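First up is the structure itself, then whatever we jot down about it.
Residue numbers (the working numbering), protein chains in the order written: chain A, 206 to 506; chain B, 141 to 463.
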């Protein structure tokens, strides 16, 4: 039992919160700009490297200031870069068929990655060096303290998303655009503002998700691409255009990936851990077959 | 012969051989993207399926992997295409009903799953170490005749695929394909079964990609999970097709040779340029610069010249002008 919770369930929840944050951006871009953004994983990686550079620059070595000071700064910088990318590469294609935008994002995925690899090299790096303190509870629960901050930070950001979408004018406009772009335009919503807000939200959350992942594991130029498929799967599972669906989808997929290698039957892992990455894909295929609109009745194109 | 000249000649042969294989890939993608409007982001996967099938069928028996069946090349090429076709059919069953983005996500997923399988199922594929000693047609002949002969095989295959695709393009079938791409609703209204046509386009395209993969396995005489590197095998084919001219078979071939020549030439030029401006690690870093530039080239074409170098030409309809 203790083993199950400490080594499978908790890591699953951590991974799930990270997927959830990343998937919000994917689902909003899919819902509002109407295309699957393949460059989203690389946005995340870029954000992580910006944060890593800030850590080196300031010499800050402890978790709380990294998350409270450096992470917001990295989020701002990532957002600025993504807005520039939108201006240079996506805006000229707004009138093109969506699939052209998908190709453009596929190209940008490799362009951003090559910039990252060119600037920082491909060696693994760490944002948070050294042994981290652990928390022991109730005799059997044991997990690193940083996991508390990751889950807490993710929940806080998700609450912020909820607040923006429910109570602010731009948030309401975003939901309206996602539900019906034609209707939204008729009511006089400024489309370009909504598009910008979508990029701001997506890029900021991608950077945050990346930093959480980097704090939990390592900094790697492929880290964003490796979780791109789970994030897509989370967005589809939750229903395209549905931010709450993406959060739920992310959690489900993160937990499912970790639990898949638990020894449910017999002594060996149920699924060879080498295939963990395949779980997201399998879930995505099942949902596409069974209910293409996802759990939260999103869009199906 | 002068050794320098001889070296250039061998380089030219290899440029044409690999360029020819990319041209076959681009023709396969053209059926999907050019004519049917389907975005296959997992070209690498179907290419890899072809390469591994050919490797397993034609090698000599070896303890490190399954197969070693010593089959003739033609059998392995056909099997490679069949395997890829079946997998494409299954993917298509799930995704073709939905909008093209879903197909893009699912195909990139298939490519990743395929990489997981070849990496993990060591008993069958020898894992990351890959399968070596794959035979190549005409390898018994003396240098450079064997190289020229293999180039001949590639170019003949390319010509055959081109010929078939041109027939397909001009046929009623090809016309329905472009009609669906341009206006799905009106094609449906005309009584065409959109899903079936899409499925045919997708499966045929994937089979052509697997054929290119089989050729590549024989050419390199070696496959490993890196063979299905998503960058080279997927992305560059898209760049080739967009630059050459999607929905134009000549454009696909032109784009493939052009981009492959640029890509290979930049492999020689880029590191020297970076070294000249005093950059450290010029060799490694130049690879990233090249990828960035080829991505930029794609973006420029998408924005400024989405038709590509050779724009689509529609076959004249038999009803008009009597042609």
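C-beta atoms are modelled at their ideal positions from N, C-alpha and C, and glycine is treated no differently.
Since we're looking at a predicted model, the values are computed, not measured.
**Study point:** Rounded straight-line distance, which links the Cα of residue 310 (chain B) to that of residue 461 (chain B)
**Key:** Within the second chain, the letter at position 321 stands for residue 461 (chain B). Within the second chain, the letter at position 170 stands for residue 310 (chain B). The predicted model places residue 461 (chain B) with a pLDDT of 49, which falls under 50 and marks its position as unreliable; any figure quoted below should be read in that light. Cα to Cα, residue 461 (chain B) sits roughly 16 Å from residue 310 (chain B).
Point to revise | Members of the stretch 454-486 of chain A near chain B, C-beta cut-off 7 Å | key: 477, 479, 480, 482, 483, 486
Point to revise | Residue(s) in a DSSP beta bridge with residue 87 (chain B) | key: Outside the displayed span of chain B (141 to 463) sits residue 87 (chain B), for which this structure offers no information.
Practice item. Taking only the alpha-carbon atoms, compute the straight-line gap between residue 456 (chain A) and residue 209 (chain A) and give it to the nearest angstrom. Key: One-based indexing of the first chain puts residue 456 (chain A) at position 251. One-based indexing of the first chain puts residue 209 (chain A) at position 4. In a straight line, the C-alpha of residue 456 (chain A) is about 17 Å away from that of residue 209 (chain A).
Practice item. Just the C-alpha distance for residue 335 (chain B) and residue 236 (chain B), rounded to the nearest angstrom, thanks. Key: Sequence index remark: in the second chain, residue 335 (chain B) carries index 195 (1-based). Sequence index remark: in the second chain, residue 236 (chain B) carries index 96 (1-based). Computed Cα separation, rounded: 7 Å.
Point to revise | Beta-carbon separation (whole angstroms), residue 337 (chain B) vs residue 232 (chain B), contact threshold 8 Å | key: Taking the first residue of the second chain as position 1, residue 337 (chain B) is located at position 197. Taking the first residue of the second chain as position 1, residue 232 (chain B) is located at position 92. Their Cβ separation, rounded to whole angstroms, is 11 Å, which puts residue 337 (chain B) and residue 232 (chain B) out of contact at 8 Å.
Review point. Could you give the C-beta distance for residue 189 (chain B) and residue 350 (chain B), rounded to a whole number, given that I count them as a contact under 8 Å?
Key: Numbered from its first residue, the second chain carries residue 189 (chain B) at position 49. Numbered from its first residue, the second chain carries residue 350 (chain B) at position 210. So it is a contact: roughly 6 Å between Cβ atoms.
Exercise for review: Report the three-state DSSP secondary structure of residue 143 (chain B) (helix, strand or coil).
Suggested key: Within the second chain, the letter at position 3 stands for residue 143 (chain B). It is helical.
Check your understanding: When you compare only the Cα positions, how much space is there between residue 226 (chain A) and residue 452 (chain A)?
Key -> Taking the first residue of the first chain as 1, we reach residue 226 (chain A) at position 21. Taking the first residue of the first chain as 1, we reach residue 452 (chain A) at position 247. Roughly 7 Å between the two C-alpha positions.
**Study point:** Stretch pair the stretch 248-255 of chain A + the stretch 490-500 of chain A: three plus CB contacts closer than 8 Å
**Key:** no
Check your understanding: Using a beta-carbon distance cut-off of less than 8 Å, what residues from the stretch 435-450 of chain B approach chain A?
Key -> 435, 436, 438, 439, 442, 443, 446
Check your understanding: Within 10 angstroms of its Cβ, does residue 488 (chain A) collect 16 or more other Cβ (buried), or is it exposed?
Key -> What you label residue 488 (chain A) is simply residue 283 of the first chain in a count that begins at 1. It is buried - the Cβ of residue 488 (chain A) has at least 16 other Cβ atoms within 10 Å.
Exercise for review: Please confirm if the stretch 277-291 of chain B is in contact with the stretch 423-443 of chain B, defined as three or more CB-CB distances below 8 Å between the two stretches.
Suggested key: no
Review point. If you draw a straight line from the alpha carbon of residue 385 (chain B) to that of residue 270 (chain A), how long is it in whole angstroms?
Key: As a working note, residue 385 (chain B) is residue 245 in the second chain. As a working note, residue 270 (chain A) is residue 65 in the first chain. Rounded to whole angstroms, residue 385 (chain B) to residue 270 (chain A) spans 52 Å at the Cα level.
Exercise for review: Determine the contact status of residue 409 (chain A) and residue 233 (chain A), defining contact as a CB-CB distance below 8 Å.
Suggested key: For this step, residue 409 (chain A) is matched to residue 204 along the first chain. For this step, residue 233 (chain A) is matched to residue 28 along the first chain. No.
Point to revise | Opening and closing residue of the beta strand (DSSP E) in which residue 175 (chain B) lies | key: In the second chain, counting from the first residue as 1, residue 175 (chain B) sits at position 35. From DSSP, residue 175 (chain B) is part of no beta strand (DSSP E); its letter is neither H nor E.
Point to revise | Contact belief for residue 383 (chain A) with residue 236 (chain A) at Cβ below 8 Å, rounded distance in angstroms | key: In the first chain, the residue the question calls residue 383 (chain A) occupies position 178. In the first chain, the residue the question calls residue 236 (chain A) occupies position 31. That belief holds up - the Cβ atoms of residue 383 (chain A) and residue 236 (chain A) are roughly 4 Å apart, short of 8 Å.
Point to revise | Cβ-based neighbour list, residue 192 (chain B), same chain, cut-off 7 Å, excluding 5 preceding and 5 following | key: Numbered from its first residue, the second chain carries residue 192 (chain B) at position 52. 258, 265, 363.
Exercise for review: Using the Cα positions of residue 297 (chain A) and residue 313 (chain B), report the straight-line distance between them to the nearest angstrom.
Suggested key: Here residue 297 (chain A) is taken as the residue at index 92 of the first chain, counted from 1. Here residue 313 (chain B) is taken as the residue at index 173 of the second chain, counted from 1. If you take the alpha carbons of residue 297 (chain A) and residue 313 (chain B), they lie about 34 Å apart.
Point to revise | Where residue 154 (chain B) meets chain A, residues with beta-carbon distance less than 8 Å | key: The residue you call residue 154 (chain B) lines up with position 14 of the second chain. Near residue 154 (chain B) there are no residues of chain A at all, since even the closest Cβ is about 25 Å away, more than 8 Å.
Check your understanding: Based on Cα-Cα distance, which residue from B:421, B:348, B:315 lies nearest to residue 298 (chain B)?
Key -> The residue you call residue 298 (chain B) lines up with position 158 of the second chain. Out of B:421, B:348, B:315, B:348 has the C-alpha closest to the C-alpha of residue 298 (chain B).
**Study point:** N- and C-terminal bounds of the beta strand (DSSP E) containing residue 347 (chain A)
**Key:** On the first chain, position 142 is the one that residue 347 (chain A) refers to. Looking at the DSSP string, the run of the beta strand (DSSP E) that includes residue 347 (chain A) is 346-349.
Exercise for review: Might you give, ordered along the chain, the residues of its own chain that have their beta carbon closer than 6 Å to the beta carbon of residue 356 (chain B), omitting 5 neighbours on each side?
Suggested key: Reading the second chain from its first residue, position 216 is the one you call residue 356 (chain B). For residue 356 (chain B), where only same-chain residues beyond five positions count, the Cβ hits under 6 Å are 161, 191.
Check your understanding: Is the distance from the Cβ of residue 174 (chain B) to the Cβ of residue 387 (chain B) below 8 Å?
Key -> Against the second chain, residue 174 (chain B) aligns to sequence position 34. Against the second chain, residue 387 (chain B) aligns to sequence position 247. A contact, by the Cβ cut-off of 8 Å.
Exercise for review: Flag residue 258 (chain A) as yes if its beta-carbon sits less than 8 Å from any beta-carbon of chain D, otherwise no.
Suggested key: The displayed structure is made up of protein chains A and B, and chain D is not among them.
Point to revise | Beta carbon of residue 435 (chain A) nearer than 8 Å to that of residue 366 (chain A) | key: By 1-based counting over the first chain, the position of residue 435 (chain A) is 230. By 1-based counting over the first chain, the position of residue 366 (chain A) is 161. Not a contact, by the Cβ cut-off of 8 Å.
Check your understanding: By DSSP, does residue 443 (chain B) sit in helix, in strand, or in coil?
Key -> On the second chain, position 303 is the one that residue 443 (chain B) refers to. If DSSP states are grouped into helix, strand and coil, residue 443 (chain B) belongs with the helices.
Practice item. For residue 215 (chain B), count neighbouring C-beta atoms within 10 Å of its own C-beta (all shown protein chains included) and say buried if the count is 16 or more, exposed if not. Key: Position 75 of the second chain, counted from the start, is the residue given in the question as residue 215 (chain B). When all chains shown are included, residue 215 (chain B) counts as exposed.
Review point. Taking only beta-carbon atoms, is residue 489 (chain A) less than 8 Å away from chain B?
Key: Mapped onto the first chain, residue 489 (chain A) falls at position 284. Cβ-Cβ to chain B under 8 Å: yes for residue 489 (chain A).
**Study point:** Contact the stretch 441-450 of chain B vs the stretch 297-312 of chain A: 3+ CB pairs below 8 Å
**Key:** yes
Point to revise | Stretch pair the stretch 372-383 of chain B + the stretch 310-323 of chain A: three plus CB contacts closer than 8 Å | key: yes
Review point. To which residues does DSSP link residue 342 (chain A) through a beta bridge?
Key: In the first chain, the residue the question calls residue 342 (chain A) occupies position 137. BP columns for residue 342 (chain A) point to A:346.
Check your understanding: Applying the criterion that 16 or more other CB atoms from any shown protein chain within 10 Å of the CB defines a buried residue, is residue 425 (chain B) buried or exposed?
Key -> Residue mapping note: residue 425 (chain B) aligns to position 285 of the second chain, counting from 1. Buried, because 16 or more other Cβ atoms sit within 10 Å of the Cβ of residue 425 (chain B).
Review point. Taking the Cβ atom as the reference point for each residue, do residue 251 (chain A) and residue 286 (chain A) lie within a distance shorter than 8 Å?
Key: Translated into the one-based positions of the first chain, residue 251 (chain A) becomes position 46. Translated into the one-based positions of the first chain, residue 286 (chain A) becomes position 81. Yes, the Cβ-Cβ distance between residue 251 (chain A) and residue 286 (chain A) is below 8 Å.
Review point. Just curious, the alpha helix (DSSP H) that residue 497 (chain A) is in, first and last residue?
Key: Start at 1 with the first residue of the first chain, and residue 497 (chain A) comes out as number 292. Careful: residue 497 (chain A) lies outside any alpha helix (DSSP H) and carries neither H nor E.
Check your understanding: Grouping DSSP H, G and I as helix and E and B as strand, with all else coil, what is residue 445 (chain A)?
Key -> Position 240 of the first chain, counted from the start, is the residue given in the question as residue 445 (chain A). Note: residue 445 (chain A) maps to strand in three-state DSSP.
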